[in-house]
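Student: Each residue of the sequence shown is one higher than the last, beginning at 1 in UniProt numbering.
Note that the Cβ used here is the ideal one computed from N, Cα and C, for glycine as well.
Dropping the structure in here first, questions after.
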Amino acid sequence: MPQHPYSHYRLRIAQDFIRILVVPNLMLSVVLKLADIHLGFLSIPAYLLCTIVAAFGRDWYDQITQRRAAYQVGGSLVPKVKGKWPGNLDILFRIKNAAHNDYLCQGFLDLFHEYQSTTLNLRILGADLVCTLSMHRYMITMDEEHIKFLSATGFDHFWRGRRQKERMETFLGSGIFNRDDEEWKVHRAMARPFFSRDRVTDFEVFDRHADQALSVISSLASSQAPIEMQDLFARYTLDAAAEALFGEKIDSVNGTLPVPGQTSMSAKGSLTTDEFGAFAQAFEMAQQVIVTRTHEGYFWPAFQLLKDDIQPHVDVIDKWIEPIIARVLANKAQMRKAGLSSQIDSCTFLEYLAENTEDPEIIKDQLLNILLAGRDTTAALLTYVTYMMAMCPDVACKMRAEVLEHIGVHDAPTFEGIKSLRYMHAVINETLRVFPPVPQNIRETRSEPVLLPQSDATFPTPPDAAPIYLPADTPMIYVPMLTQRNPAHWGPDAHVFDPERWLDERLSHFVDNPMIFTPFGAGPRICIGQNYARNEASYFLVRLLQQFDTFTLAPEFQPEGSLPPPSWKQGQGRKTVEQIRPAYALTLYVKGGLWMRLGRAADS
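Right under this line is the structure:
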């Protein structure tokens, strides 16, 4: 089996170690030999000192070069964070501690406030970076103008980059989320027909799987048993995506569900032991390893020289998905013998892929990428909408009243009926604003420097401020979650869940500046499946509200370590009121799952 082009990370790390450790000491050795100097027992300290001096020398030269280049083009450098410890190590530990113990993205937000800037360079260990131990530049931003530039207006200056592809290669391979340029364009063009209006408004698949999920909910609710809603939504969206995209009926909703008070945490929720549980755990652990690699920084391959930590999880995924691909390829061969071919208007996404290639690796990569988008993001949306329905009973009451008025108690939702649900769409938008399925993302400048536009976003900047200079090969993490909760854009109550803001005069703030709300991304890489996700979520919510009218959290069944710590009450913003712990591993989820009780409506 041929290796993916970005799978040679061990060779890359070996080359970097040679550059960083071997070359300086080799030069010192040559100098000592030419000067006929023998250090004796001082050799080890001398070579160690040489490595350190060389690192500081590279850092000093890099900073001088950046300042000169920025001056020549009339730009300014990204503001640098200044810690108390050498190399800003205290900043590194502070961010890592916040990532594990504080509210999601809180470590970044605290620094943005502290430095009164929406774009920062942490400069840890003499390198331009954020949140990673790296020898390369990293920046972080919540500035909507900068996000607009790297996502849309300056799209051609940025790409996914080698670092991100290396981290995700074993899992997502050459799929749409892990490629750039022509290869990415081909993948996107291939996927687009399967998210056309005719397909995303075909509710038959949603109806079948919503019925199964609601049957499970009804059975548990009748005995007043708590339900792990995040797990159920993950099963519902997987079953629907598998049938719509692969033509497979998995029926994971009827598998072994989490047991209240006995189920422990998985990588992204609840740990179950059925066939779905094994696949889901592998699928989620692969994402978690990618996030861990990001935290370990540029040198993460040094921790995985002997084994690839993602590979065991990919092996489990392959056992599930490879037989499906094999069946479709075999069916294609039989159709070819009979002189037949699949028609795009009636075939599944998998069949369409098989018509275009017989390489099972390419098919698998594309399927896993689309499955990640089709399952995890929609499941996250449904999970957080339901959570907010429990947190805000008046919101759930208004949603149900609207459903009964426009659709009724027993009628199946139609596209036009769902379109008329203005308040439900406001709730979905507000959920996407406060809890975007992808709370942070990353791009990287290409091989030439980039000038970011002047920022006047969150904090005051001089009217004549220079554009910001970004060196070549600079990864830039951007955080839509913070942008979408920014009081400068959404008012002093930005952290408050208030669907009415999408229905009154406050909507004008978004209309005037669409980049302050980008839950599905922006620019050429904007999510092509966003209408599918909205329709799938809306359909299920209608069916749910037709049958149930009370939604209550059951925190007593949350696994140990999954509830917010008492210290959050002394903070600011949403973390003072949150009853669950939002977490992130490529997509948003609830740590430990979302345990709830649902009450059946008397008129259902």
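1) When the Cα of Thr587 is compared with those of Ala189, Gln288, Gln547, which residue comes out closest?
2) Let's see if you can read the secondary structure: which residues bound the beta strand (DSSP E) around Pro582?
3) Tell me the DSSP secondary structure of Arg446 in three-state form.
4) Could you have a look at Met596 and say whether DSSP puts it in helix, strand or coil?
5) Does DSSP put Lys80 in a helix, in a strand, or in coil?
6) To the nearest angstrom, report how far apart Ile227 and Met596 are at their CA atoms.
7) Within the same chain, show all residues whose beta-carbon is closer than 6 Å to that of Cys131, passing over the 5 residues directly before and after it, in chain order.
8) Examine the Cβ distances between the segment 387-402 and the segment 359-373 and report whether three or more of them are shorter than 8 Å.
9) Given a threshold of 16 other Cβ atoms within 10 Å of its Cβ, counted over all protein chains shown, does Phe149 qualify as buried or as exposed?
10) On the three-state DSSP scale, how would you describe Pro462?
11) Just grab the DSSP bridge partners of Glu228 for me.
12) Nearest to Ile442 by CA position, among Ser252, Ala326, Ile147, Glu500, is which residue?
13) So, does the segment 117-126 touch the segment 73-90, judging by three or more C-beta pairs under 8 Å?
14) Could you check whether Met229 and Leu563 sit closer than 8 Å to each other, using their CB atoms as the reference points?
15) Contact check, Ser270 vs Asp231 under 8 Å by CB: the rounded distance?
16) Could you tell me the distance, in whole angstroms, from the CA atom of Ser215 to the CA atom of Gln334?
17) Relative to the C-alpha of Arg336, which residue among Ala354, Val496, Thr348 is closest?
18) Taking the alpha-carbon positions, what's the Arg543 to Glu505 distance?
19) How would you call Glu351, buried or exposed, if buried means at least 16 neighbouring beta carbons within 10 angstroms?
20) Sorted by chain position, which residues of the same chain lie with C-beta nearer than 8 Å to Phe203's C-beta, five sequence neighbours on each side aside?
21) Here's the rule: buried if 16 or more other CB atoms are within 10 angstroms of the residue's CB, otherwise exposed. What is Leu306?
22) Just the C-alpha distance for Ala488 and Thr141, rounded to the nearest angstrom, thanks.
23) Three Cβ pairs or more, each shorter than 8 Å: is that satisfied between the segment 512-521 and the segment 470-487?
24) Tell me the residue span of the alpha helix (DSSP H) that contains Asp549.
25) Note down the Cα distance separating Leu48 from Phe93, rounded to an integer number of angstroms.
26) Please classify Asp128: does DSSP put it in a helix, a strand, or coil?
27) So the alpha helix (DSSP H) Pro393 belongs to, where does it begin and stop?
28) Check the C-beta distance from Ala234 over to Ala379 and give it rounded, since I have them as a contact under 8 Å.
29) Within the same chain, show all residues whose beta-carbon is closer than 7 Å to that of Pro467, passing over the 5 residues directly before and after it, in chain order.
30) Indicate the three-state DSSP secondary structure (helix, strand or coil) for Met265 in the structure shown.
31) Quick check on this structure: which residue in His295, Val253, Thr292 has the alpha carbon closest to the alpha carbon of Phe276?
32) Could you give the distance in angstroms between the alpha-carbon of Ala242 and the alpha-carbon of Gln304?
33) Which one or two residues does DSSP pair with Ser270 in a beta bridge?
34) Using CA coordinates, which residue listed in Leu541, Asp549, Ile580 is at the minimum distance from residue 607?
35) On the criterion of 16 or more Cβ atoms from any shown chain inside 10 Å, does Cys186 qualify as buried, or is it exposed?
36) When DSSP labels each residue in this structure, what does Ala457 get in the three-state scheme?
Tutor: With the given structure in hand:
1) Minimum Cα distance to Thr587 is reached at Gln288.
2) 582-585
3) coil
4) strand
5) Shown here, Lys80 sits in a strand according to DSSP, grouped into three states.
6) 5 Å
7) Model confidence at Cys131 stands at a pLDDT of 31, short of 50, so the residue's coordinates are unreliable and nothing is read from them.
8) Segments in contact, no.
9) buried
10) The predicted position of Pro462 is uncertain, since its pLDDT is 49 and thus under 50; a value taken from the coordinates is nonetheless stated next. In this structure, Pro462 counts as coil in the three-state DSSP scheme.
11) Trp595.
12) Ile147
13) yes
14) no
15) 5 Å
16) 38 Å
17) Of Ala354, Val496, Thr348, the residue nearest in Cα terms is Ala354.
18) 30 Å
19) buried
20) Answer for Phe203: Ala412, Pro413, Thr414, Phe415, Asn535, Tyr539, listed in chain order.
21) exposed
22) 15 Å
23) Yes: the two stretches touch, three or more of their Cβ pairs being nearer than 8 Å.
24) That residue, Asp549, is in no alpha helix (DSSP H); its beta strand (DSSP E) goes 548-553.
25) 24 Å
26) Unreliable positioning characterises Asp128 in this predicted model, as indicated by a pLDDT of 47, which lies under 50. A coordinate reading is not provided.
27) 393-406
28) 5 Å
29) Here the set comprises Gly75, Leu451, Leu452, Pro453, Gln454.
30) DSSP, reduced to helix, strand and coil, places Met265 within a strand of the structure shown.
31) For Phe276, the nearest C-alpha among the options comes from Val253.
32) Taking the straight line from one Cα to the other gives about 33 Å.
33) Met265
34) Here the chain has residues from 1 to 604 only, and residue 607 is not among them.
35) The residue you asked about is not Cys; residue 186 is Val in the sequence shown. That one is exposed.
36) Interpretation of Ala457 is limited by its pLDDT of 43, a score under 50 that renders its predicted location unreliable; the figure taken from the coordinates is listed afterwards. Coil.
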